[in-house]
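Under the numbering used here, the letters of the sequence shown match residues 8 to 333, in that order.
Working notes, beginning with the structure itself.
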Amino acid sequence: VPYSGDAVPLPEKSLIAEVRCAVSTRGSSIIRGIGDDCAVLRLRPDQDTLVTTDFTLEGIHFRRDWHPPESVGHRCLTRGLSDIAAMGGEPITAFLSLALPRDLPQTWVRRFTHGLLKLAHEHGVTLAGGDTAQSPGGILADIVVLGTVRRGKAILRSGARAGDRIFVSGELGGSAAALTAMRSGKKSNSLQYRRHFYPEARLQLACILRERNLASAMIDTSDGLSTDLGHICEESNVGAEIEPALIPHARVGKPAEDVSLDFALHGGEDYELLFTARPGKRIPPEIAGVRITQIGRVTRGRGIVLVDAKGRKRQLRARGWEHFRP
Ligand SMILES: [Mg+2]
């Protein structure tokens, strides 16, 4: 992708592609570099190390008047844990870098840290370091999570083949629905929108998928189904057909109702697992207490196609989250 020469950064995807082109991993211990949920490093002969890093930025990923500090801390770590899950790995340790505005009350930081460390403890993850700085603007947090997986067993985005079936865990669109409710001024709380405020990385499910060799490719739904499935398709050089009627919609609000198809297709931050499986593999309808739903199949084509009940097809554009999009 040529540099446009403008001051505005390239769309996120092009920006990453540009950096990726400039990097060579040949002769290094990097088994998988840019282009997956985690980097895969071979530092030991018997196991691979997974590394992921994720920003949590005030005004982009959370708002101080919408999100309790405990929720911000919880979601910050979940972003990293979910990337480890997306590789079929197990998390070990985390590093947290925080840039904080000078006038931020210490209670905010304490409550944020409490939310983050409580979740870390639940998963046996130890915070091993990080950095702190004064922020010129809002709160900026960067989480690095290290994990492990048996040598060569990391589940990559690039493993899908035409004929594979496509599955998703849990329900989609709940997190986006919470944001929309808050944007429209509705009072939302973590009881109604738990998946948004306190999402759960699907680590146990991921572990079982890897142990039983069930998934050929996998990603977590952090940006939205249309965008995340697009990543699997691009890395695997395949296309996909999705049946909208099969997509498990989240039920939110009071009284609870199904979120719209748009939220289920494009809403991000659900942190479910989206994976493909070879034709012969039997995938149970529930794994580790989480519902698993087949939503389509991998095709030889390009791009993602929606197929309705009558067999009519239309192209699905990726409309999930992408930074710097004009
Ligand atoms: Mg991810």
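All C-beta atoms in this analysis are idealised placements derived from N, C-alpha and C, irrespective of residue type, glycine included.
Remember, predicted model here, so these are calculated numbers, not experimental data.
Three-state secondary structure (DSSP) of residue i
| i | result |
| --- | --- |
| Met-94 | coil |
| Tyr-10 | Summary for Tyr-10: the model assigns pLDDT 41, below 50, so the residue's position carries little reliability, and this model does not support an answer. |
| Thr-228 | coil |
| His-74 | coil |
| Pro-333 | Because Pro-333 carries a pLDDT of 48, less than 50, the predicted location of this residue cannot be relied on, and no value is offered for it. |
| Gly-246 | strand |
| Gln-54 | strand |
| Glu-178 | coil |
| Glu-218 | helix |
| Val-79 | helix |
| Ala-29 | coil |
| Ile-41 | coil |
| Ala-183 | helix |
| Ala-167 | coil |
| Pro-251 | helix |
| Ala-213 | helix |
| Arg-326 | coil |
| Ala-208 | coil |
| Asp-277 | coil |
| Gly-308 | coil |
| Gly-192 | coil |
| Ser-223 | coil |
Bridge partners - residue i, DSSP secondary structure assignment
| i | result |
| --- | --- |
| Asp-265 | Arg-258 |
| Ile-173 | Thr-283 and Gly-303 |
| Gln-199 | Gln-199 pairs with nothing; no bridge assigned. |
| Pro-321 | Here residue 321 turns out to be Arg, not Pro, going by the sequence shown. Looking at the DSSP assignment, Arg-321 forms a beta bridge with Leu-313. |
| Thr-59 | Val-152 |
| Leu-64 | Leu-147 |
| Leu-272 | Answer by DSSP bridge pairing: none, since Leu-272 is not bridged. |
| Glu-293 | Arg-298 |
| Leu-103 | Gly-137 and Ile-150 |
| Phe-69 | Glu-65 |
| Leu-22 | None; Leu-22 has no bridge partner. |
| Leu-48 | Ile-37 and Thr-56 |
Proximity below 8 Å, CB of residue i to CB of residue j
| i | j | result |
| --- | --- | --- |
| Gly-180 | Ala-257 | yes |
| Leu-280 | Asp-230 | no |
| Met-94 | Ile-162 | yes |
| Ala-101 | Val-132 | yes |
| Ala-92 | Ala-208 | yes |
| Tyr-205 | Ala-185 | no |
| Gly-308 | Gly-275 | no |
| Pro-292 | Val-175 | no |
| Arg-86 | Phe-69 | no |
| Ile-215 | Ala-140 | no |
| Arg-157 | Gln-54 | yes |
| Ala-6 | Ser-165 | Because the chain spans 8 through 333 in this model, residue 6 falls outside it and cannot be assessed. |
| Pro-108 | Gly-144 | yes |
| Leu-210 | Leu-88 | yes |
| Lys-160 | Arg-217 | yes |
| Ser-104 | Asp-138 | yes |
| Asp-90 | Thr-59 | yes |
| Trp-115 | Pro-76 | yes |
| Ile-23 | Leu-84 | no |
Rounded Cβ spacing between residue i and residue j (contact assumed at less than 8 Å)
| i | j | result |
| --- | --- | --- |
| Leu-253 | Thr-300 | 6 Å |
| Ile-249 | Ile-302 | 6 Å |
| Leu-147 | Phe-62 | 7 Å |
| Arg-49 | Ile-38 | 5 Å |
| Leu-221 | Ala-284 | 6 Å |
| Gly-246 | Val-312 | 7 Å |
| Asp-171 | Arg-304 | 7 Å |
| Leu-153 | Thr-56 | 6 Å |
| Val-30 | Gly-40 | 6 Å |
| Ala-271 | Leu-232 | 7 Å |
| Ser-243 | Ala-167 | 4 Å |
| Asp-277 | Ser-197 | About 15 Å; that fails the 8 Å criterion. |
| Pro-286 | Leu-268 | The pair is not a contact, with the Cβ atoms about 27 Å apart (cut-off 8 Å). |
Hey, which unbroken runs of the alpha helix (DSSP H) at 4 residues or more fall wholly within the region 105-162?
113-129
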